[in-house]
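Q: Just so you know, we're using my numbering here: the sequence shown kicks off at 1019 and counts up by one.
Just so you know, even glycine gets a beta-carbon here, dropped at the ideal spot from N, CA and C.
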Amino acid sequence: MTQTFSNGSNPNKGLSINNINTVDANATGKISYRLDRSSPSNDQSTKQQSSVEETNEAMIEAVRTMLLSVGENPEREGLLKTPKRVAEAMRFLTGGYSQYLEEIVNNAIFDEGHNEMVLVRDINLFSLCEHHMLPFMGKAHVAYIPNQKVVGLSKLARVVEMYSRRLQVQERLNRQVAEAIQTVLEPKGVAVVIEATHMCMVMRGVQKPGSWTVTSAMLGIFEEDQKTREEYLSLIRHQSTFF
Ligand SMILES: [Zn+2]
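(1) Among Leu1085, Gly1223, Ala1076, Arg1139, which has the Cα closest to the Cα of valine 1211?
(2) What does a CB cutoff of less than 7 Å around valine 1123 pick up in its chain, not counting 5 residues either side in sequence?
(3) Under 9 Å, do valine 1232 and alanine 1161 count as touching if we go by C-beta distance?
(4) Would you mind working out which of Ser1234, Met1221, Asn1074 sits nearest leucine 1152, comparing C-alpha positions?
(5) Taking the continuous beta strand (DSSP E) assigned at proline 1153, which residues delimit it?
(6) Are isoleucine 1141 and alanine 1175 close, meaning C-beta to C-beta below 9 Å?
(7) With a cut-off of 6 Å, give the chain-ordered residues whose Cβ is closer than this to any heavy atom of ligand 1.
(8) Okay, do the stretch 1109 to 1116 and the stretch 1181 to 1194 touch, 3+ Cβ pairs below 8 Å being the bar?
(9) Name the DSSP bridge partner or partners of valine 1187?
(10) Using the beta-carbon count (16 or more within 10 Å), is leucine 1237 buried or exposed?
(11) Can the beta-carbon of histidine 1132 be found less than 9 Å from the beta-carbon of methionine 1217?
(12) Quick check: what's the CA-CA separation for lysine 1099 versus leucine 1253?
(13) Check for me: the alpha helix (DSSP H) holding alanine 1235 runs from which residue to which?
(14) Can you tell me where the beta strand (DSSP E) holding serine 1145 begins and where it ends?
(15) For the alpha helix (DSSP H) that contains valine 1220, what are its first and last residues?
(16) Assuming alanine 1196 contacts methionine 1155 (C-beta within less than 8 Å), just tell me the rounded distance between them.
(17) Along the chain, where does the alpha helix (DSSP H) containing glutamine 1117 start, and where does it finish?
(18) Taking only three categories from DSSP, how would you classify glutamine 1166?
(19) Please return the same chain residues whose Cβ sits closer than 7 Å to the Cβ of methionine 1077, not counting the five positions on each side in sequence.
(20) Are valine 1178 and leucine 1143 closer than 9 Å when you measure CB to CB?
(21) Ends of the alpha helix (DSSP H) at leucine 1248?
(22) In the DSSP assignment, find the unbroken alpha helix (DSSP H) run with glutamate 1179 in it and report its ends.
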């Protein structure tokens, strides 16, 4: 589900079992579950290479057009290199399109026989909303209960990063991260909560600085078993003592 808080309401108040429910695919309807594209073949990579150069030029030209459209002069000194910089920044911020799940987790799945909850909290994320191409940023809390197989902890952060570096809506990002972990580990359950603030709400539109949105996705045992879900929610609320 998705919840939006405004103007500094207490973050932790929102995270009670009553108002964090699972993202319901049927209820939300439009969430697309495209997990990932498969890796490109060599042929495709060469084609992609030349098309990257072409699209870079096109992007640079598009930024020039935007500068002109807002009444700026792209020839003035401060703006001379801006189109190129913006194109490079966009390329970086959408770098997740050229990453693949199987490459990221490759060689990092271990058969540990571990069956207790694994939780990586406070994974910083930076993404761009697909409606305005403005940033949204926040934290993801990713947990799973292994079914023998575990994955290197940093890989959970890499999965969040890969899906964040694409044009997104928070709900889909949340669901994609959960389903990716479900796919690669086949664990007993996956829980992902994302808390984020959206610049398209803060800087424009309703202009509500301090508003933030919580989404969650619970799969498997996290969906079925209330105690497990509660344990996860209490662990993500718990303040660590070493920061
Ligand atoms: Zn937006």
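A: Put simply:
(1) Closest by C-alpha distance to valine 1211, out of Leu1085, Gly1223, Ala1076, Arg1139, is Arg1139.
(2) Closer than 7 Å at Cβ, skipping near neighbours: Val1169, Lys1173, Val1202.
(3) Taking 9 Å as the Cβ cut-off, valine 1232 and alanine 1161 do not qualify as a contacting pair.
(4) Closest option to leucine 1152, Cα to Cα, is Met1221.
(5) 1153 to 1163 is the span of the beta strand (DSSP E), which, as asked, contains proline 1153.
(6) Result yes, Cβ atoms of isoleucine 1141 and alanine 1175 sit closer than 9 Å.
(7) With the criterion CB distance below 6 Å from any heavy atom of ligand 1, the matching residues run Cys1147, His1149, His1150, Leu1152, His1216, Cys1218 along the chain.
(8) The stretch 1109 to 1116 vs the stretch 1181 to 1194: in contact.
(9) According to DSSP, which records beta bridges pairwise, valine 1187 is partnered with nothing at all.
(10) In summary, leucine 1237 is buried, with 16 or more beta-carbon neighbours lying within 10 Å of its beta-carbon over all protein chains present.
(11) In terms of Cβ geometry, histidine 1132 and methionine 1217 do not form a close pair [threshold 9 Å].
(12) Rounded to whole angstroms, the gap between the alpha carbons of lysine 1099 and leucine 1253 is 47 Å.
(13) That residue, alanine 1235, is in no alpha helix (DSSP H); its beta strand (DSSP E) goes 1230 to 1238.
(14) Looking at the DSSP string, the run of the beta strand (DSSP E) that includes serine 1145 is 1136 to 1147.
(15) Its alpha helix (DSSP H) spans residues 1217 to 1220.
(16) Contact annotation, alanine 1196 with methionine 1155: C-beta distance approximately 19 Å; criterion of less than 8 Å not satisfied.
(17) For glutamine 1117, no alpha helix (DSSP H) run applies, since DSSP gives it neither H nor E.
(18) Glutamine 1166 falls in the strand class under three-state DSSP.
(19) Excluding positions up to five away in sequence, the list reads Ala1105, Met1108.
(20) The Cβ-Cβ distance between valine 1178 and leucine 1143 falls below 9 Å.
(21) The sequence given here places glutamate at residue 1248; leucine does not occur at that position. Where glutamate 1248 is concerned, the enclosing alpha helix (DSSP H) starts and stops at 1244 to 1255.
(22) Per DSSP, glutamate 1179 belongs to the alpha helix (DSSP H) from 1171 to 1182.
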